[in-house]
Amino acid sequence: MQSNIPNFSKIFKVSFFDFNKVQFQAVGILAAIVINVGSSVLVSRLGETSTAGQIANAVGGLLTAIVVLLTAAGVSLMIKADLLQESPVSSKEARAFIKRKFWPIIISPFLLLLTVLLLLGVQALLSFVGFIPFVGPIILAVCTIPAVILNVILAIALIVGSKLMPSIIAVEESNTIDTMKLTYQTCRVEPLRVAFYAGVLTLVGIGIFILPALAFLFGLLLTGAFHWSVLLKCYNSMLGYWSLDLMAFWFITGLSVLVMASLVIALPLTYFQGVYTYIYLSFKNKF
Numbered sequence: 002m003q004s005n006i007p008n009f010s011k012i013f014k015v016s017f018f019d020f021n022k023v024q025f026q027a028v029g030i031l032a033a034i035v036i037n038v039g040s041s042v043l044v045s046r047l048g049e050t051s052t053a054g055q056i057a058n059a060v061g062g063l064l065t066a067i068v069v070l071l072t073a074a075g076v077s078l079m080i081k082a083d084l085l086q087e088s089p090v091s092s093k094e095a096r097a098f099i100k101r102k103f104w105p106i107i108i109s110p111f112l113l114l115l116t117v118l119l120l121l122g123v124q125a126l127l128s129f130v131g132f133i134p135f136v137g138p139i140i141l142a143v144c145t146i147p148a149v150i151l152n153v154i155l156a157i158a159l160i161v162g163s164k165l166m167p168s169i170i171a172v173e174e175s176n177t178i179d180t181m182k183l184t185y186q187t188c189r190v191e192p193l194r195v196a197f198y199a200g201v202l203t204l205v206g207i208g209i210f211i212l213p214a215l216a217f218l219f220g221l222l223l224t225g226a227f228h229w230s231v232l233l234k235c236y237n238s239m240l241g242y243w244s245l246d247l248m249a250f251w252f253i254t255g256l257s258v259l260v261m262a263s264l265v266i267a268l269p270l271t272y273f274q275g276v277y278t279y280i281y282l283s284f285k286n287k288f
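Per my numbering, the sequence shown starts with residue 2, numbered consecutively.
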């Protein structure tokens with residue numbers, strides 16, 4: 002496979018500058034935040050060190066990961082259609098695709114992680130060869146370089162491949178096993194170039210989205226100062242207890258902040274999903 006130089010303007014056009022995709026991503030982020038908040042409240046009630054609290058924490062993390070993966074696949078499908086100049090994919094069509102490919106989307110990354118851990122476990126077992134007198138250390142020394150090369154490929158597959166999987170499923174509409182094979186092929190043919198493109202485009206994205214993030218945080222700070230001034234004037238006679246209007250005030254404020262935060266976080270995540278979708282299509286010679 003032969004890759005092209007990444008087209009930054011095209012990636013921005015189909016991700017950052019498309020509100021439909023950003024909105025779809027933001028809804029997924031908002032759902033993940035709500036799950037995290039609910040899980041944190043439940044864990045605090047059950048106790049962090051208790052068995053029930055640890056189970057609740059693990060379930061919350063798992064549900065968050067599933068929501069993130071499903072959202073990424075839907076966004077990738079929408080971006081893929083625009084990159085290939087196909088008919089635009091609506092949010093409804095993206096949700097239907099997520100339902101149809103639910104299991105491959107959520108199982109593939111976990112299966113990749115399990116495979117990497119299994120291979121590392123095999124390497125750990127093979128290291129006991131070094132205890133064999135005389136020949137053991139020699140065999141271990143000879144296997145060191147191949148092991149390092151394998152581990153580099155495994156690292157790239159785990160870091161980059163896990164992010165490529167939603168894009169691969171969106172492009173190929175593949176099942177779990179085919180997704181694993183395509184991820185391995187993409188990372189094996191030119192692993193350093195895949196890692197380089199992913200790294201460079203990620204750094205570009207981080208640099209560009211620092212300003213919106215700082216602007217949002219500054220605006221949040223100013224809004225917080227405004228709200229405290231309102232509270233001091235309007236609720237100075239209600240100190241010590243929560244009234245219905247005060248609860249409504251903080252609920253609406255908190256919900257507004259969550260929605261805005263979801264949109265701000267959705268901007269770089271949509272861009273990064275566009276990056277990995279573009280990388281895979283580029284390596285498939287689609288451009």
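We put the beta carbon where it would ideally sit given N, CA and C, even for glycine.
Looking at residue i: is its Cβ nearer than 7 Å to the Cβ of residue j?
| i | j | result |
| --- | --- | --- |
| Gly1 | Val15 | Outside the displayed range of the chain (2 to 288) lies residue 1, so it cannot be described from this structure. |
| Leu71 | Ile99 | yes |
| Val60 | Gly29 | no |
| Lys102 | Ile170 | yes |
| Thr203 | Ser77 | no |
| Leu47 | Ala57 | yes |
| Ala73 | Pro167 | yes |
| Leu127 | Leu282 | no |
| Pro210 | Pro269 | Residue identity differs from the one stated: residue 210 is Phe in this sequence, not Pro. Closer than 7 Å, so yes. |
| Val44 | Gly54 | yes |
Rounded to whole angstroms, what is the Cα-Cα separation between residue i and residue j?
| i | j | result |
| --- | --- | --- |
| Ser88 | Ala82 | 6 Å |
| Leu113 | Gly62 | 18 Å |
| Val136 | Cys144 | 12 Å |
| Ala226 | Leu259 | 17 Å |
| Gly162 | Leu118 | 15 Å |
| Asn37 | Ser51 | 18 Å |
| Asn286 | Thr184 | 15 Å |
| Ile139 | Gly200 | 37 Å |
| Val130 | Thr271 | 47 Å |
| Leu245 | Asn21 | 36 Å |
| Leu223 | Trp229 | 10 Å |
| Ile253 | Val23 | 22 Å |
| Met2 | Phe17 | In this predicted model, Met2 has a pLDDT of only 45, less than 50, meaning its place in the structure is not dependable enough to derive any value. |
| Glu174 | Leu221 | 41 Å |
Find the nearest neighbour of residue i within the set the options, judged by alpha-carbon distance.
| i | options | result |
| --- | --- | --- |
| Ala97 | Gly75, Ser10, Leu118 | Gly75 |
| Thr187 | Val201, Thr177, Gly208, Leu165 | Leu165 |
| Gln26 | Thr52, Ala125, Ser41, Ala95 | Ala95 |
| Pro105 | Asn21, Thr177, Ser263 | Thr177 |
| Pro147 | Val130, Thr271, Gln124, Ala249 | Gln124 |
| Ile80 | Gly54, Phe13, Ala249, Phe111 | Phe13 |
| Gly1 | Phe219, Phe252, Asn152 | No answer is possible for residue 1: the residues shown for the chain start at 2 and end at 288. |
| Ile266 | Glu174, Trp251, Pro213 | Pro213 |
| Pro192 | Trp251, Gly255, Ile160 | Ile160 |
| Val190 | Phe284, Ser10, Gly39 | Phe284 |
| Ala216 | Met261, Gly255, Gly39 | Met261 |
For a test of the three-state rule: what should DSSP assign to residue i, helix, strand or coil?
| i | result |
| --- | --- |
| Asp292 | Past the boundaries of the shown model lies residue 292; the chain is included only from 2 to 288, so the question cannot be answered. |
| Val143 | helix |
| Val90 | coil |
| Asp19 | coil |
| Pro134 | coil |
| Gly206 | helix |
| Thr50 | coil |
| Ser175 | coil |
| Asn8 | coil |
| Lys164 | helix |
| Asn1 | A query on residue 1 cannot be resolved here, the shown segment of the chain reaching from 2 to 288 and no further. |
| Lys285 | coil |
Please tell me whether, using a cut-off of 6 Å, the distance from the CB of residue i to the nearest non-hydrogen atom of the ligand MN is below it.
| i | result |
| --- | --- |
| Ala148 | The model depicted lacks the ligand MN and carries no ligand whatsoever. |
- Message: For the structure I just gave you, are there three or more beta carbon pairs, one from the segment 195–203 and one from the segment 153–167, closer than 8 Å?
- Response: yes
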